[in-house]
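All remarks here apply to the structure that follows.
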Amino acid sequence: TVQLVAISGSIRRASNCTAVLRSLQPLLPAGVILQILPLDDIPPYNADLDGDAPPEPVARLKNAIAAADGLVLCSPEYNYGMPGVLKNAIDWASRPGFASPLKGKPALIMTASPGTAGGVRAQAQIRDALAATLARPLVRQHVAIANVASRIQDGRLVDAPTLDFIRVALEELLDEIAMLAGAHRQRA
Ligand code: FNR
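End of the sequence shown = 195 in UniProt numbering, gap-free, step of one.
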């Protein structure tokens, strides 16, 4: 099986981004499991608390990322950038620097917004931050979901063209995971 960890940049109950993530499992082939990891209990980053035994919610986050074959992110844009909760989680997960659970991890980045730009500015920041951790943000067309509220019903993404677009992006993520697994085998 392939394990994907999904992270929403919004922790509010009625989050559009979390609704998008909740809609992905049916788009995935059999044998691929997507688990949503909420960020609401992650404390603000503090290097004094970091090290071998970080706060329990942080340890859970890092263990889940370490065990995952790939990441799927969906985030809103706050003031032209990524929300603090997401940056904070990336910062915790990024330690030890250049040797963290994020290193080498393929990641599909998606953003969503009730506006028309779909959160592309936040998306650029997320890509950059993940690159700094040596994760592998997927190189592909942006998944930037504009007018997101109009595409969601009862906490699920229901817009067929958007779902089709995301299905292809997920396939590309799975291809990347398979390619990396093959590359590792060849080097071993
Ligand atoms: C926003 N919003 C927003 N949207 C956007 O497209 N560009 C932006 O710069 C901002 N800035 C911004 C700042 C703050 C503090 C808030 C609270 C909101 C609107 C935002 O996209 C909207 O609230 C989304 O619905 C939030 O995502 P979730 O919670 O629905 O996933």
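For every residue, glycine included, the Cβ atom is placed at its ideal position computed from N, Cα and C.
Keep in mind that this is a model prediction, so the values were computed, not measured.
- Query: Grouping DSSP H, G and I as helix and E and B as strand, with all else coil, what is GLY125?
  - Reply: Correct three-state label for GLY125: coil.
- Query: Can you list, in chain order, the residues of its chain whose CB lies under 6 Å from that of ALA176, leaving out five sequence neighbours each side?
  - Reply: Apart from the 5 residues on each side of it in sequence, ALA176 sits with its Cβ closer than 6 Å to the Cβ of LEU115 and VAL150 in its chain, given in chain order.
- Query: When the Cα atoms are used, what is the spatial distance from ALA21 to ALA71?
  - Reply: Answer to the nearest angstrom: the Cα atoms are 24 Å apart.
- Query: How would you write the range of the alpha helix (DSSP H) that ILE116 sits in, first residue to last?
  - Reply: Looking at the DSSP string, ILE116 is not in any alpha helix (DSSP H); the run it does join, the beta strand (DSSP E), is 113-119.
- Task: Return yes when at least one heavy atom of the ligand FNR lies under 7 Å from the C-beta of SER30, else no.
- Result: Not under cutoff, so the answer is no.
- Would you say ALA114 faces chain D, with C-beta separation under 8 Å as the test? Protein chain content of the structure displayed is limited to a single chain, and chain D is not contained in it.
- So the beta strand (DSSP E) LEU41 belongs to, where does it begin and stop? First-last of the beta strand (DSSP E) with LEU41: 39-43.
- Item | ILE14 - containing beta strand (DSSP E), residue span | Per DSSP, the continuous beta strand (DSSP E) segment holding ILE14 begins and ends at 9-15.
- Message: How far does the beta strand (DSSP E) with ILE152 in it extend, from its first residue to its last?
- Response: For ILE152, the enclosing beta strand (DSSP E) has its first and last residue at 150-152.
- Three or more beta-carbon pairs under 8 Å between the region 105-122 and the region 152-169, yes or no? Yes, since at least three Cβ pairs between the region 105-122 and the region 152-169 fall closer than 8 Å, the two stretches touch.
- Item | Heavy atom of the ligand FNR within 7 Å of PRO91 beta-carbon | Here residue 91 is Gly; the residue named in the question, Pro, does not match the sequence. Taking 7 Å as the cut-off, one finds no heavy atom of the ligand FNR near enough to the beta carbon of GLY91.
- Taking just the CA atoms, how far does THR25 sit from ALA37? Taking the straight line from one Cα to the other gives about 22 Å.
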